[in-house]
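Residue numbers (our numbering), protein chains in the order written: chain A, 20 to 172; chain B, 4 to 712.
We put the beta carbon where it would ideally sit given N, CA and C, even for glycine.
Quick caveat, the model's predicted, so the values are computed rather than measured.
This report concerns only the one structure given below.
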Ligand code: FES
Ligand code: FES
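Structural data, given as structure tokens:
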């Protein structure tokens, strides 16, 4: 079986696995990073969003051999203590309901804030609209992103 | 195991003792157990509370957490009466138990309203015992002591003990049977927006959902079911699936073909390699059109009466209006697909499940394995959404069968496709309505015939074999609040093979759409403003009036709208609460619809956690919008036509309107919060579309309608 070197949350993991295995399942089943969620397996929901070299990426659509050596960040690595501005605003706005989609929402929002320090509603819509939330937390997601941007200033 | 007490004995003792509401913990036993070092000294006045010497308090939540923040609200109720300091409260999830906690079923928007008093009493009993313990220690009268913020204070001296310091003494006292409850005006926690106890773990990724459970030596499994309802597997390519790296075994279980493997990806690939041949059975020739035709045919047949007031035959002179409303099947589509971890052992079984029905899981496993329920341990994980789907235990049965056969702990995962194809869907329905208006525009009669598959009939076919009344199916139809002298509501059961189930707000979602759409039509016919028309008919329904007025006021009902914009209103009572929405929409010349703003009012009695209620209203509104606008399940060749989110669409953030929620201040007993916000959504939208462009929509979802005018 092929061997891969994965840099996840600043740690290096060596792993033997089929090259076509989506990063999602490597993270969840092999390495115990269960914060990244499965929702559709087809790039349709965003629950599995992580950062690959800083870009919001669907881990269910990313085969492990595409990220050999890349810098990967999962929700567990965004901060160790919920101190990322997005996590802080998520807490103060009480965004989460069931919470299942939220790691994906947070990772998408964090990547948005990295490239756009002051997103307007349209920027938020276009960055976030591929992240589904069945509990309907969209209104609070929008507020929390605005709040994080404000706090960051 | 000194002194002959095993942990098992202790559990036996405490579960027997736990049968009552507030258990008198069998203290002599507990003392000896503590002395024997078998348990830590804690003060457990009842099954809900455990106070530790380090001054932390564990409060047990016996309802499932699926986003309604119940693991915050329930502890708030206990902590309020206990006079605990919120910072010392921890929540622990109660495992399933047949009777220790009463029903652990989480549904019907019932968690707070059905446990409010019981949990208050539990907290109050603990408080009284802690006060007594402190009084004993000081050798003073308990009347001279008060509990406050996790301490007991002696009023004359100002001396105080923390709860933690009282653990040992309190444990020796008798549990009071009728503790005195606080006066609600003294509530400090209840009524305040408390931060969710589970909020940090949901933001850090640490929250453990069913899919996240890992146990040593665990294998993974998928189960492929026949897409056609009632169909069975004929053959499959076991060899090909076994060739997939990581696949350990492939075999048939009751509901389909299980693929067992070393990780999720292996079993997904294994499932895709199966090349199944199905014996589809007789439902293959069914599709949505045929189901609708069947329902239409039945609609003129024998109906069972759910409500009959006055006399419908005496209204000959009045103008009669007849309409038909239709609602399709729709799916729960929880973001976390169905899953379960099960470990079947020799004479016992351990289960980790995201379930709304812990006790159903327990009995399902016990029956399947032929063992006692007490030998089935069920741990309840976080639920990635429930909405009624997780009241069923079909996914648990899969997991048990695979674990039994593979002799290993197993994580059973449904793919999104499995989940969407094998839901218990919100029943489709047809609503035949008629009404008469006198020439003074007075609504003189109302009839509503509901034709729909019955959830109860599906569960107990024998009991409903002659189409007996399924009360649930006319929920929201038989209890229309409007003051009308002549009313007839009846029901015709129209079952199909498509599994149906309790979908957020159950039949209220269909019936409210019919009621509130039709009442709007009657207002229009009468030439009366739809808000005013409702007001006129609600003189004897104060709580309906309350939410209706509040929503209309806050939305500035009647304000001038631009061309192609409209405002719609609707209200509904369900699960012990009242909700009214005013929705603003725009319809462009091209027929594109946008939902601009929703003003919602809710009266759910006394509110425990206002931010929780607000969030549940927002959530029910989005869920309701999804089903009103697009979430559609259709049947083709006896199977669900939609497989994933590209076909079953959910509302997205760019379609999300501004939402304002207003809560009626009330001291009435608590009502439900999770569902009541949903039923008025669809009719408020279609009524708004009518106001905008004069087009009346009587069937869902709206995306199938041409709104070009
Ligand atoms: S699981 Fe990756 S986008 Fe849905
Ligand atoms: S919070 Fe439940 S799916 Fe988004």
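Short CB-CB distance (under 8 Å) between residue i and chain B
i: residue 66/A; result: yes
i: residue 110/A; result: yes
i: residue 27/A; result: no
i: residue 85/A; result: no
i: residue 80/A; result: no
i: residue 76/A; result: no
i: residue 41/A; result: yes
i: residue 160/A; result: yes
i: residue 115/A; result: yes
i: residue 151/A; result: yes
i: residue 157/A; result: yes
i: residue 33/A; result: no
i: residue 88/A; result: no
i: residue 101/A; result: yes
Host beta strand (DSSP E) of residue i (start-end)
i: residue 224/B; result: 222–227
i: residue 436/B; result: 432–440
i: residue 24/A; result: 22–27
i: residue 235/B; result: 235–238
i: residue 58/B; result: It is not in any beta strand (DSSP E) - residue 58/B carries neither H nor E in the DSSP assignment.
i: residue 252/B; result: 250–256
i: residue 606/B; result: 596–606
i: residue 53/B; result: 52–54
i: residue 289/B; result: Unbroken run through residue 289/B: none, as it is neither H nor E.
Proximity of residue i and residue j at Cβ, strictly below 8 Å
i: residue 499/B; j: residue 428/B; result: no
i: residue 65/A; j: residue 123/A; result: yes
i: residue 663/B; j: residue 562/B; result: no
i: residue 147/B; j: residue 163/B; result: no
i: residue 359/B; j: residue 394/B; result: yes
i: residue 570/B; j: residue 581/B; result: no
i: residue 513/B; j: residue 455/B; result: yes
i: residue 586/B; j: residue 688/B; result: yes
i: residue 211/B; j: residue 384/B; result: yes
i: residue 155/B; j: residue 169/B; result: yes
Buried or exposed by the 16-neighbour rule on C-beta atoms within 10 Å, applied to residue i
i: residue 519/B; result: buried
i: residue 177/B; result: exposed
i: residue 144/B; result: exposed
i: residue 219/B; result: exposed
i: residue 80/B; result: buried
i: residue 325/B; result: exposed
i: residue 649/B; result: exposed
i: residue 712/B; result: exposed
i: residue 170/A; result: exposed
i: residue 464/B; result: exposed
i: residue 340/B; result: buried
Enclosing alpha helix (DSSP H) for residue i [first to last residue]
i: residue 141/A; result: 140–147
i: residue 424/B; result: 419–424
i: residue 133/A; result: 121–134
i: residue 445/B; result: Residue 445/B -> no alpha helix (DSSP H), and no H or E assigned at all.
i: residue 613/B; result: 613–632
i: residue 125/B; result: 114–141
i: residue 30/A; result: That residue, residue 30/A, is in no alpha helix (DSSP H); its beta strand (DSSP E) goes 30–35.
Contact with chain A by residue i, beta-carbon distance below 8 Å
i: residue 115/B; result: no
i: residue 79/B; result: no
i: residue 31/B; result: Any reading at residue 31/B needs caution, since the residue's pLDDT is 46, under 50, leaving its predicted position unreliable; the model's value is listed next. So, not an interface residue.
i: residue 24/B; result: Because residue 24/B carries a pLDDT of 27, less than 50, the predicted location of this residue cannot be relied on, and no value is offered for it.
i: residue 649/B; result: yes
i: residue 443/B; result: no
i: residue 194/B; result: no
i: residue 268/B; result: yes
i: residue 254/B; result: no
i: residue 341/B; result: no
i: residue 656/B; result: yes
Problem - Contiguous beta strand (DSSP E) assignments of at least 3 residues, all confined to the region 488–559 of chain B - result: Complete beta strand (DSSP E) runs here, min 3: 489–496.
Problem - Contiguous beta strand (DSSP E) assignments of at least 3 residues, all confined to the region 147–180 of chain B - result: 148–151, 154–157 and 163–165
Practice task
Pick out the complete alpha helix (DSSP H) segments inside the region 357–403 of chain B, 4 residues or longer, and give them in chain order.
Solution key: Runs found: 361–372.
Practice task
Tell me the start and end of each unbroken beta strand (DSSP E) in the region 261–319 of chain B that is at least 3 residues and wholly inside, in chain order.
Solution key: Runs of beta strand (DSSP E) with 3 or more residues, each lying fully within the region 261–319 of chain B, are found at 280–282 and 307–312, listed in chain order.
Handout entry: ligand 3 site residues, beta-carbon cut 6 Å against heavy atoms
Key = As far as ligands go, the structure on display features ligand 1 and ligand 2 and does not contain ligand 3.
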